[in-house]
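Engineer: Top line first, the protein sequences correspond to chains A and B. Each position in the first sequence, counted from 1, maps to that position plus 8 in my numbering. Each position in the second sequence, counted from 1, maps to that position plus 922 in my numbering. Just so it is clear, CB atoms sit at the ideal spot from N, CA and C, and this is done for glycine as well. This is the structure, below, for whatever I ask next.
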Amino acid sequence: MEDAFDRQLVAQDLALRQVILVLSHARARLPCVVPGPEWAGPASQAYHAAVDGLRTELAAVEERLQAASRFTRQALATRARP
Amino acid sequence: MTDELIVSGGGSTVVATAALLAFSDQLSHLVDELVDCSNRLAMIDRFVTPAGIGAADAPNSVWEAERALDDASASLQRSIRTAVRLHVGLSASAEAYGAVEQQLQQLNQSLAAAFAYVLGFLFPALAGLLTPALLSTAASAGLAFAITPNGRREEFLGVLAEQNDILTNPQFVTLVRLAVMSADDFGGGLVGAHPQLVAMLGDEGLGLLGLTTSAGLLAGMAAPFGALAETPVRVARVSTRTTDAPAATFEERARRIPQGSAQIRIDRFHTEEQPDRFEVYVGGTKDLGLVANKEPWDMTSNVHALSMGDAGSYRAVEEAMRAAGIDADSPVQFVGHSQGGLVTSAIAASGDFNAQGLYTVGGVVSQSLVPEGVPWLAIEHTDDLVPALGGNRSAPDAVLVRREVFADQAVPSDTLLPAHELTRYRETAAMLDSGGDARSAEVLERLNSLGRDAETVTTTRYLARRLAD
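Encoded structure:
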């Protein structure tokens, strides 16, 4: 029998999945292009390192959110057992 | 050919490649999205509270979910800070690039003005020494050209075209721009005016003397010899037909600029119960001769338009606009190539018409300022000599898009000024359409808004001819 707490868990899982979707799209849109030859050299390397860093950070956020979603569903499954 | 576009202006000091600006815009959008995600996570965190977990006797995995959620929130905050740093860094770089470029331009102009003044001051003595040799060389060359059969003249121009590398060199183009801006200083030196007075009145000071006065002086000096003398013009409608739709891109507009004998094209946008709106397209110079013949799109019109005088092509466009039914209140926007850019910017700046937008490619752009609030995008090739003849741009609100066409390939020798060809500008316009930045996109949106909802688009072409004075 689903109670108020279960409904809160379901809502949390749905909301988490929506955020994961938004973040995933945002990360995919992060461009990989080199802005232009005038940015060649150390400044360009630092810039690309920062973009790669941002991409990795966003991937880590997604991974933690997926874990949160997974644990939430696990909790729901546990509570559903008789 | 390089596909790098440098974008500047639009009331901003930022100068950067279109790709860079587009990325900066994307980063700004990303920051907004991440902040939104962060707000959502804060809200999600309130769905399940520790008190609720305790009361529900929830399994351990709920606590695991809470910890993962907290970790994600903290990581997201770091990502937001990284994205903000990147966005700010890119913007600052573009600002710094723009500031350095502006300072260099001012320094170059000041140095060129000083040099031109000294040259003008010394000119009488230099002329005395060099005139006999120069006159005899020029007379011999002129006589040889005059007695050469027409076919051979074409060959001669062909030989010149084969040597067009220097004319298509960006450094040479910059020198020409500086020389044009320094013509008033040369004149000041020639008449022996005090250098500080010349500097105060010239482009580097109050701007009372400059390209406009130099062009006017040139026209005045040439007139007694029958050169650069204006004549009346007559305009005739050549054709009228219905067009599918208004132009919607920069490339499409460049494609609609007339290249045949008719120099003017006017698109009329009609919607029931609304005043008609118009888009006027004006082509480039067709006759490079210094003596006015039948063609009003000639050097005479170029010089008179630059001096803000009574240019034949300017009058012809005004007449065509009146014939098309455009009055002082009709919403109208302008598109021009080369001399068409000069004429359209001058008409937009005149205040005689209800100018809604301006788009010029390779234009010898007028020094007069187009009214604030009129969106203006100009495309110029840095290896095109022609825009340099208009001197430095003095309209900071205009969005300027630059590209070096032959940066990484040999200059073709089929024409004298290949970087000035309308086909090359169409290529650049297409690049801008596919990868433009926010500033150019905003101008395009404003240009497109004029013809939006048009039920019919009627295109009329006009041919202008000079009449004997």
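Using DSSP with H/G/I as helix, E/B as strand and the rest coil, what is residue 1274 (chain B)?
Structural biologist: coil
Engineer: Whose Cβ in chain A lies nearer than 8 Å to the Cβ of residue 984 (chain B)?
Structural biologist: The answer, in chain order, is 17, 79, 80, 83.
Engineer: Is the distance from the Cβ of residue 1372 (chain B) to the Cβ of residue 1253 (chain B) below 8 Å?
Structural biologist: Cβ distance < 8 Å, so residue 1372 (chain B) and residue 1253 (chain B) count as in contact.
Engineer: Pick helix, strand or coil for residue 74 (chain A), following the three-state DSSP scheme.
Structural biologist: helix
Engineer: Which residues, in order along the stretch 1148–1172 of chain B, keep a beta-carbon less than 7 Å from a beta-carbon of chain A?
Structural biologist: Of all residues in the stretch 1148–1172 of chain B, none has a Cβ within less than 7 Å of some Cβ in chain A.
Engineer: Less than 8 Å between the CB atoms is what I'm expecting for residue 970 (chain B) and residue 74 (chain A), so what's the real figure, rounded?
Structural biologist: Not really, about 17 Å apart at Cβ, beyond 8 Å.
Engineer: Go to residue 1299 (chain B), then tell me how far its alpha helix (DSSP H) extends in each direction, as first and last residue.
Structural biologist: Counting along the chain, no alpha helix (DSSP H) covers residue 1299 (chain B); the unbroken beta strand (DSSP E) around it starts and ends at 1298–1303.
Engineer: Rounded to the nearest angstrom, what separates residue 1235 (chain B) and residue 1088 (chain B) at their Cα positions?
Structural biologist: 30 Å
Engineer: Report the three-state DSSP secondary structure of residue 1007 (chain B) (helix, strand or coil).
Structural biologist: helix
Engineer: Counting along the chain, where does the alpha helix (DSSP H) carrying residue 1360 (chain B) start and finish?
Structural biologist: 1360–1373
Engineer: Answer with buried or exposed for residue 1359 (chain B), where buried requires no fewer than 16 other C-beta atoms within 10 angstroms of its C-beta.
Structural biologist: buried
Engineer: Please look up how many angstroms separate the CB atoms of residue 1259 (chain B) and residue 1384 (chain B), rounded, as I've assumed it's under 8 Å.
Structural biologist: That pair is no contact at about 16 Å.
Engineer: Which residue from A:11, A:32, A:22, A:69 puts its Cα closest to that of residue 995 (chain B)?
Structural biologist: A:69
Engineer: Let me check one thing: in DSSP terms, what residues is residue 1255 (chain B) bridge-paired to?
Structural biologist: Answer is B:1201, B:1279.
Engineer: For chain A, find out if any of its Cβ atoms is closer than 8 Å to the Cβ of residue 1301 (chain B); answer yes or no.
Structural biologist: Interface flag for residue 1301 (chain B) against chain A is unset, since no Cβ pair is found closer than 8 Å.
Engineer: For residue 25 (chain A), return the contacting residues in chain B, with the cut-off set at a CB-CB distance below 8 Å.
Structural biologist: Chain B residues near residue 25 (chain A): none, gap ~11 Å exceeds 8 Å.
Engineer: Would DSSP call residue 952 (chain B) helix, strand or coil?
Structural biologist: Residue 952 (chain B) carries a helical assignment under DSSP once its states are collapsed to helix, strand and coil.
Engineer: Assuming the contact rule is C-beta atoms closer than 8 Å, residue 928 (chain B) and residue 1324 (chain B) should be a hit. Round their C-beta distance to whole Å, please.
Structural biologist: In this structure, residue 928 (chain B) and residue 1324 (chain B) form a Cβ contact; the two beta carbons are roughly 4 Å apart against a cut-off of 8 Å.
Engineer: What is the residue span of the alpha helix (DSSP H) that residue 1191 (chain B) lies within?
Structural biologist: Unbroken run through residue 1191 (chain B) is the beta strand (DSSP E), 1186–1192; no alpha helix (DSSP H).
Engineer: Checking the sheet assignment: what are the DSSP bridge partners for residue 1164 (chain B)?
Structural biologist: B:1380
Engineer: Does the stretch 76–88 of chain A come within contact of the stretch 1303–1311 of chain B, defined as at least 3 CB pairs closer than 8 Å?
Structural biologist: no
Engineer: If the cut-off is 9 Å on Cβ atoms, which residues from the stretch 55–81 of chain A count as contacting chain B, listed in chain order?
Structural biologist: 55, 58, 59, 61, 62, 65, 66, 68, 69, 70, 71, 72, 73, 74, 75, 76, 77, 78, 79, 80, 81
Engineer: For the stretch 1174–1194 of chain B, which residues have a CB atom closer than 7 Å to at least one CB atom of chain A, in sequence order?
Structural biologist: none
Engineer: Around the Cβ of residue 1183 (chain B), are there at least 16 other Cβ atoms within 10 angstroms (buried) or fewer (exposed)?
Structural biologist: exposed
Engineer: If contacts are defined as beta-carbon pairs under 8 Å, then residue 1202 (chain B) and residue 1243 (chain B) qualify, I think. What distance do you get, rounded to the angstrom?
Structural biologist: Sure, about 6 Å apart at Cβ, within 8 Å.
Engineer: Mind checking which residues open and close the alpha helix (DSSP H) that includes residue 1356 (chain B)?
Structural biologist: That run of the alpha helix (DSSP H) goes 1344–1357.
Engineer: Does any CB atom of chain A fall closer than 8 Å to the CB of residue 963 (chain B)?
Structural biologist: Nearest CB-CB separation between residue 963 (chain B) and chain A: below the 8 Å threshold.
Engineer: Assuming residue 1194 (chain B) and residue 1377 (chain B) are in contact, meaning their beta carbons sit under 8 Å apart, how far apart are those beta carbons, in whole angstroms?
Structural biologist: Taking 8 Å as the upper bound for CB-CB distance, residue 1194 (chain B) and residue 1377 (chain B) are in contact here, some 6 Å apart.
Engineer: Please decide whether residue 1389 (chain B) counts as near chain A, where near means a Cβ-Cβ distance under 8 Å.
Structural biologist: no
Engineer: Going along chain A in order, which residues have a C-beta closer than 8 Å to the C-beta of residue 1309 (chain B)?
Structural biologist: Correct list: empty, because the minimum Cβ distance to chain A is about 21 Å.
Engineer: In chain order, what residues of the same chain have a beta carbon less than 8 Å from the beta carbon of residue 991 (chain B), not counting five sequence neighbours either side?
Structural biologist: 963, 966, 967
Engineer: Answer yes or no: does any C-beta atom of chain B fall closer than 8 Å to that of residue 31 (chain A)?
Structural biologist: Closer than 8 Å to some Cβ of chain B, the Cβ of residue 31 (chain A) qualifies, so yes.
Engineer: What's the C-alpha gap between residue 88 (chain A) and residue 987 (chain B)?
Structural biologist: 17 Å
Engineer: Cutting at 6 Å between CB atoms, please list the residues of its own chain near residue 1278 (chain B), excluding the five before and the five after it.
Structural biologist: Its chain contains 1253, 1255, 1372 as the residues whose beta carbon lies nearer than 6 Å to that of residue 1278 (chain B), once the 5 sequence neighbours on both sides are disregarded; these appear in chain order.
Engineer: Comparing C-alpha positions only, which one of A:82, A:11, A:38, A:33 sits nearest to residue 61 (chain A)?
Structural biologist: A:38
Engineer: Verify the CB distance criterion: does residue 981 (chain B) have a CB-CB separation below 8 Å to chain A?
Structural biologist: yes
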